[in-house]
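Written below as structure tokens is the structure these notes are about.
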Amino acid sequence: MAAAHVPERVAIITGGASGIGLELAKDILATNNWRVCLVDLARAGPSVAASLSPADRVMYQHCNVASWDEQAAVFAKVFATWGRIDFLAANAGIDDKDSLYGPTASADAPDTPLKPNLITLDVDLVAPIYGLRLATHYMRHNPAPLRGGCVVFTASDAGLYALEGVPQYTAAKHALVGLTRAAGGMLMRNDGISVNAVLPAFVPTGLAPPGLVDAWPKEHRTPMETVLKCFRTFLEHEVTAKCGECSLDTVYFRDQVEWANESQRWGHTDAQKEVWGKVYPS
27 MAAAHVPERV AIITGGASGI GLELAKDILA TNNWRVCLVD LARAGPSVAA
77 SLSPADRVMY QHCNVASWDE QAAVFAKVFA TWGRIDFLAA NAGIDDKDSL
127 YGPTASADAP DTPLKPNLIT LDVDLVAPIY GLRLATHYMR HNPAPLRGGC
177 VVFTASDAGL YALEGVPQYT AAKHALVGLT RAAGGMLMRN DGISVNAVLP
227 AFVPTGLAPP GLVDAWPKEH RTPMETVLKC FRTFLEHEVT AKCGECSLDT
277 VYFRDQVEWA NESQRWGHTD AQKEVWGKVY PS
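So the sequence shown is numbered by this note's numbering: it starts at 27 and just counts up by one.
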């Protein structure tokens with residue numbers, strides 16, 4: 027009996043020219059039924075994309091994901107070229123670029139507070155929300171037989187545990203966990219789109235700040251394979267609103283905290299139909 031035909035699928039991976047994004051691209055290209063668009067700002071992006079094979083299944087798009095117009099142009103280009111979008115890995119991210127603990131004013135104007143630089147929130151939170159909107163739009167237009175799609179945010183274990191040194195990064199990753207849990211059920215029910223999040227612990231990559239990899243004990247490093255295993259779970263199984271904490275060689279699927287009481291359970295479950303759905307219709 028001939029093997030069943032597996033329809034070709036299309037992925038967009040932001041932050042795809044290095045680190046987790048690049049390894050994810052290699053992993054799904056190895057399955058032979060994917061086309062992949064790498065999205066990045068790196069100068070090496072085009073050469074990185076050219077090094078992947080098969081070459082006719084890889085595209086590179088230079089893009090600042092914090093820009094709605096630039097990210098929207100990428101999605102439009104991919105859909106026009108390959109006719110569908112099945113998977114968004116909203117993976118691009120940066121650490122804090124402005125310390126909330128540092129000077130609050132300049133030496134020249136000590137009485138005037140300085141506006142904080144919020145680029146970390148733009149890249150780590152606003153850009154994934156842009157990506158979710160764009161993915162939803164194009165996945166709704168995917169032709170049969172494969173409709174819907176899969177969105178995976180690269181959050182962080184900082185979405186569960188506070189990292190004191192990078193509060194903006196911690197806030198953004200906590201928000202991605204909340205976004206995953208809030209949007210995953212509704213988008214799956216309405217559109218067949220799963221929304222999940224990968225929460226890696228420390229994974230050694232070239233994106234780490236100088237000296238961090240050398241300073242981090244080897245016994246506390248999480249291998250890339252654990253992160254890829256979590257992505258595969260979300261791609262290969264019909265699950266949604268799940269958060270996979272990747273630590274050492276294990277993926278832990280983390281549920282939200284227990285309800286404080288029955289009133290809280292009602293307010294976030296039954297009230298969806300009885301109250302919230304009337305105020306915020308889907």
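Every residue gets a Cβ at the ideal spot worked out from N, C-alpha and C, and that includes glycine. Note that the structure is predicted; figures quoted are calculated from it, not measured.
Would you list the one or two residues that DSSP bridges to residue i?
i	result
residue 246	Residue 246 is not bridged to any residue.
residue 87	65
residue 60	35
residue 271	225, 278
residue 259	Partner(s): none; residue 259 has no beta bridge.
residue 40	65
Does DSSP classify residue i as helix, strand or coil?
i	result
residue 226	strand
residue 138	coil
residue 99	helix
residue 114	strand
residue 231	coil
residue 295	coil
residue 131	strand
residue 126	coil
residue 286	coil
residue 265	coil
residue 29	Note that residue 29 scores a pLDDT of 47, beneath 50, so its modelled location is shaky and nothing firm can be said.
Return the Cβ separation of residue i and residue j in integer angstroms, given the expectation that the two are a contact with Cβ distance under 8 Å.
i	j	result
residue 105	residue 156	Rounded, the Cβ-Cβ distance is 15 Å, inconsistent with contact.
residue 153	residue 100	Not really, about 11 Å apart at Cβ, beyond 8 Å.
residue 111	residue 175	7 Å
residue 233	residue 45	5 Å
residue 256	residue 277	5 Å
residue 78	residue 103	Contact flag wrong, Cβ pair sits at about 18 Å.
Is residue i close to chain D, meaning its C-beta is less than 9 Å from at least one C-beta of that chain?
i	result
residue 104	Checking the listed chains, one finds no chain D in this structure; it contains a single protein chain.
Inspect the CB distances between the stretch 219-239 and the stretch 258-272 and report whether three or more fall short of 8 Å. Yes, the stretch 219-239 touches the stretch 258-272.
Let me know the beta strand (DSSP E) ranges lying completely inside the stretch 135-219, each 3 residues or longer, listed in chain order. Secondary structure within the stretch 135-219: the beta strand (DSSP E) runs of 3 or more consecutive residues, fully enclosed, are 175-180 (chain order).
Any chance the stretch 197-213 sits against the stretch 120-138, with 3 or more Cβ pairs inside 8 Å? The stretch 197-213 is not in contact with the stretch 120-138.
Closer than 8 Å is the cut-off here; do at least three beta carbon pairs connect the stretch 84-100 with the stretch 48-67? The stretch 84-100 is in contact with the stretch 48-67.
Determine contact between the stretch 295-302 and the stretch 246-266, defined as no fewer than three beta-carbon pairs at a distance below 8 Å. The answer is no - the stretch 246-266 does not touch the stretch 295-302, with fewer than three Cβ pairs under 8 Å.
Given 8 Å, three or more beta-carbon pairs between the stretch 235-243 and the stretch 177-195: In short, these stretches do not touch, since the Cβ pair count stays below three.
Between the stretch 176-184 and the stretch 125-133, can you find at least three pairs of beta-carbon atoms closer than 8 Å? Taking 8 Å as the limit for Cβ pairs, the verdict is that the stretch 176-184 does not touch the stretch 125-133.
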